[in-house]
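Reviewing the structure listed below.
In the working numbering, the protein residues as written are 21 to 179.
This is how it looks when you write it as C-alpha cells:
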C-alpha cells in the first residue's frame, strides 16, 4: 500500500454488502495500512458460518490540507473462511450408563459400548476413551478406543 503522509485513509466494512459484514470492522493503523477485526463471535459449527463470509470493504482517502478536494474511494471484496478448531467437548449419548454383571462373567466379555458425539470437525473428530484408574484400582475393566467396556480380570465380589 502506498502511503502519503498528507492523506488520511478511512477504512470500513461496507455494511449489508454481504454475509458476515456485521461480524467484522476495519481500523486504520498508524502506518496507513488497515486491519480487519472480528467484532462478533465466529463458530464453525454454525451451518450458516461454515461456508465463510464474503463482504466489501471501502477505503476513502482525504487530504488533510485540502479537505475541499475530491476524495477517492475504492472497494474490495473480502472472503473469510473459517477453520474448525477443537472447541467443543465430546458428549456421551448416555452420560451415566449402568449395567449389572455376574461375578463369574468370563474375562474379555464386552459389557457395554459407550457412544459419544463431538461436533468439532463436522462430527468426525477422534475421541480417546480411558478409565479413571482411581475408580478401578484393580484394573478389572478395559475400554477400547471404540468405547467397548470389557472385563479385563476375573471379578470376585468377596475379595
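Every residue, glycine too, gets a C-beta built ideally from N, C-alpha and C.
(1) Could you pull the DSSP bridge partners for residue 98 from this structure?
(2) Near residue 31, what residues of its chain come up, given a Cβ to Cβ distance below 6 Å and the 5 sequence neighbours on each side ignored?
(3) For residue 40, collect the residues of the same chain with a Cβ closer than 6 Å to its Cβ; drop the 5 residues on either side in sequence, then sort them by chain order.
(4) Suppose the cutoff is 8 Å on Cβ atoms and the five residues either side in sequence are ignored; what does the same chain contact list for residue 99 look like?
(5) Which same chain residues, not among the five before or five after residue 130, have their C-beta less than 8 Å away from its C-beta?
(6) Assuming the contact rule is C-beta atoms closer than 8 Å, residue 140 and residue 107 should be a hit. Round their C-beta distance to whole Å, please.
(7) Can you tell me whether DSSP reads residue 42 as helix, strand or coil?
(8) According to DSSP, is residue 69 helix, strand or coil?
(9) Report, in whole angstroms, the separation of the C-beta atoms of residue 173 and residue 153, which I expect to be a contact under 8 Å.
(10) Helix, strand or coil: which one does DSSP assign to residue 21?
(11) Excluding the 5 residues preceding and the 5 following residue 180 in the sequence, name in chain order all residues of the same chain whose CB lies nearer than 7 Å to its CB.
Considering the structure as presented:
(1) The sequence position of residue 98 within the chain shown is 78, counting from 1. Partner(s): 75.
(2) As a position in the chain shown, residue 31 is number 11, starting the count at 1. 46, 48, 54, 79, listed in sequence order.
(3) What you label residue 40 is simply residue 20 of the chain shown in a count that begins at 1. Counting only Cβ-Cβ distances below 6 Å, and skipping sequence neighbours, we find 73, 75.
(4) Numbered from 1 along the chain shown, position 79 holds the residue referred to as residue 99. For residue 99, where only same-chain residues beyond five positions count, the Cβ hits under 8 Å are 72, 73, 74.
(5) The residue you call residue 130 lines up with position 110 of the chain shown. The residues are 168, 169, 170.
(6) Numbered from 1 along the chain shown, position 120 holds the residue referred to as residue 140. Numbered from 1 along the chain shown, position 87 holds the residue referred to as residue 107. At roughly 7 Å, the Cβ-Cβ gap stays under 8 Å, so residue 140 and residue 107 are in contact.
(7) Taking the first residue of the chain shown as 1, we reach residue 42 at position 22. Of the three classes helix, strand and coil, the one that applies to residue 42 here is helix, per DSSP.
(8) Numbered from 1 along the chain shown, position 49 holds the residue referred to as residue 69. It is helical.
(9) For the purposes of this step, residue 173 is taken as the residue at position 153 of the chain shown. For the purposes of this step, residue 153 is taken as the residue at position 133 of the chain shown. Rounded, the Cβ-Cβ distance is 13 Å, inconsistent with contact.
(10) Translated into the one-based positions of the chain shown, residue 21 becomes position 1. In this predicted model, residue 21 has a pLDDT of only 47, less than 50, meaning its place in the structure is not dependable; the value taken from the coordinates is given anyway. It is coil, neither helix nor strand.
(11) Lying before the first or after the last residue shown, residue 180 is absent from the chain, which here runs from 21 to 179.
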